[in-house]
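Beneath this line is the structure, given in structure tokens, with notes to follow.
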Amino acid sequence: MIVKDLLGNGFRLICGDEQREIRGCYIGDLLSLAMSRIQKDNAWITIQSNINIVAVASLMEAGCIIICDGFSPDDGVIQRADIQEVTILRTELSAYEVAKILSKYEI
Amino acid sequence: MIELHFDVDGNDFTLAGECSSKVKKMLTQIGIAPAVIRKTAIAMYEGEINMVIHANGGKIDVMVEPEKITVILKDTGPGIKDIKKAMEEGFSTATNQVRELGFGAGMGLPNMEKYSDEMEIDTVLGEGTTVKMVFYCN
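The listed protein sequences derive, respectively, from chains A and B. Heads up, the first sequence is in my numbering, so the first residue is 21 and it goes up one at a time. Heads up, the second sequence is in my numbering, so the first residue is 23 and it goes up one at a time.
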């Protein structure tokens, strides 16, 4: 699936590439754990919204970050994500609801 | 041999990860295996974050040879009081403010040990800490 498949279903693209491919998913808010668990092209579902999520997603080549539960990215996150070519979406949905939607695509 | 040097700014959380990112880019360009790059990036990022959280920054030297990558992280922070405890997963001396950012889970040094092939810690209380990590390319 690609990021675009999610748009309009309660997901909003904040920055990045709507054609970015997503494969697999990781859910978690502890950056050290996320760092070692996120696989290449994973959608990373988190409530963390500080600038360090960009570095983690970029280093692990995550497909995108999905900031859930209505959290918004902090100042500077979008600029940094543009530079690092990290795609970010946000949604009011919970991590579980997001994961249920992703599972329909059998990623 | 390729050598890189970085100064890590201890006051700027927003820049944490920059050095790891540059090293990852360089390793990708010279064709190091993705699995080795991943290990190096995870361990180096943890080291970089540790420097910012605990030691007000420091210096990182990276040496890339055909058979191995060596990363030396040197700071002049407070030193590690109890290395054995610091190596335990879940043990952390990070502040609440740092924890709210998603750090301070007590995974830093354990991850560095797990993802490097060799790790040496040299620490003196009140003077600083040097961590040397080696990653084999094969």
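Cβ atoms here follow ideal geometry from the backbone N, Cα and C, with glycine treated the same way.
Cβ of residue i within 9 Å of any chain B Cβ
i                : result
Leu79 (chain A)  : yes
Ala101 (chain A) : no
Gly96 (chain A)  : yes
Val76 (chain A)  : yes
Asn70 (chain A)  : yes
Ile54 (chain A)  : The question names Ile, yet the displayed sequence has Ala at residue 54 (chain A). Yes, its Cβ sits closer than 9 Å to a Cβ of chain B.
Asp89 (chain A)  : no
Thr107 (chain A) : no
Residue i - containing beta strand (DSSP E), residue span
i                : result
Glu25 (chain B)  : 24-31
Ile73 (chain A)  : That residue, Ile73 (chain A), is in no beta strand (DSSP E); its alpha helix (DSSP H) goes 72-79.
Cys45 (chain A)  : 45-47
Ala82 (chain A)  : Run containing Ala82 (chain A): none; DSSP gives neither H nor E here.
Leu109 (chain A) : 108-111
Thr66 (chain A)  : 63-66
The alpha helix (DSSP H) enclosing residue i, as first and last residue numbers
i                : result
Lys120 (chain A) : 115-124
Met134 (chain B) : 130-137
Leu53 (chain A)  : 51-57
Ala63 (chain B)  : 56-76
Arg100 (chain A) : 97-104
Glu142 (chain B) : Here Glu142 (chain B) belongs to no alpha helix (DSSP H); instead the beta strand (DSSP E) covers 140-146.
Lys154 (chain B) : Segment 150-158 is the beta strand (DSSP E) holding Lys154 (chain B); no alpha helix (DSSP H) there.
Leu49 (chain B)  : 40-51
Neighbourhood of residue i by C-beta distance below 6 Å, restricted to the same chain and skipping five residues each side
i                : result
Tyr46 (chain A)  : Arg57, Ile58, Asn62, Trp64
Glu112 (chain A) : Gly90
Arg43 (chain A)  : Asp61, Ile127
Pro93 (chain A)  : Ser69
Leu26 (chain B)  : Val84
Phe31 (chain A)  : Leu109, Thr111
Ala65 (chain B)  : Met134, Tyr137, Ser138, Met155
Thr66 (chain A)  : Asp49
Beta carbon proximity, residue i to chain A, threshold 9 Å
i                : result
Pro88 (chain B)  : no
Lys79 (chain B)  : First, the amino acid is wrong: residue 79 (chain B) is Gly here, not Lys. No, because no Cβ of chain A sits closer than 9 Å to the Cβ of Gly79 (chain B).
Gly124 (chain B) : yes
Gly130 (chain B) : yes
Ser43 (chain B)  : yes
Ile71 (chain B)  : yes
Thr36 (chain B)  : yes
Glu110 (chain B) : no
Ala55 (chain B)  : no
Lys46 (chain B)  : yes
Asn133 (chain B) : yes
Ile64 (chain B)  : yes
Lys161 (chain B) : The shown model of chain B, from 23 to 160, leaves out residue 161 (chain B), and the question about it has no answer.
Check whether residue i and residue j have beta carbons under 9 Å apart
i                : j               : result
Arg100 (chain A) : Val74 (chain A) : yes
Val93 (chain B)  : Leu49 (chain B) : no
Ala116 (chain B) : His76 (chain B) : yes
Leu95 (chain B)  : Thr36 (chain B) : no
Met80 (chain A)  : Glu68 (chain B) : no
Beta-carbon proximity list for residue i, same chain, < 7 Å, skipping 5 on both sides
i                : result
Phe157 (chain B) : Val58, Lys61, Thr62, Lys90, Ile91, Ser138, Asp139
Val146 (chain B) : Gly101
Asp31 (chain B)  : Leu37, Gly79
Arg40 (chain A)  : Ile22, Val23, Gly83, Cys84, Thr107
Met129 (chain B) : Glu111
Cβ neighbours of residue i in the same chain (closer than 8 Å, five flanking residues each side left out)
i               : result
Cys35 (chain A) : Ile98, Ala101, Asp102, Val106, Thr107, Ile108
Asp37 (chain A) : Val23, Glu105, Thr107
Minimum Cβ-Cβ distance from residue i to chain D less than 9 Å
i                : result
Phe157 (chain B) : In the structure shown, chain D cannot be found, because the protein chains are A and B.
Runs of alpha helix (DSSP H) wholly within the stretch 74-117 of chain B (minimum 4 residues, chain order): 105-108
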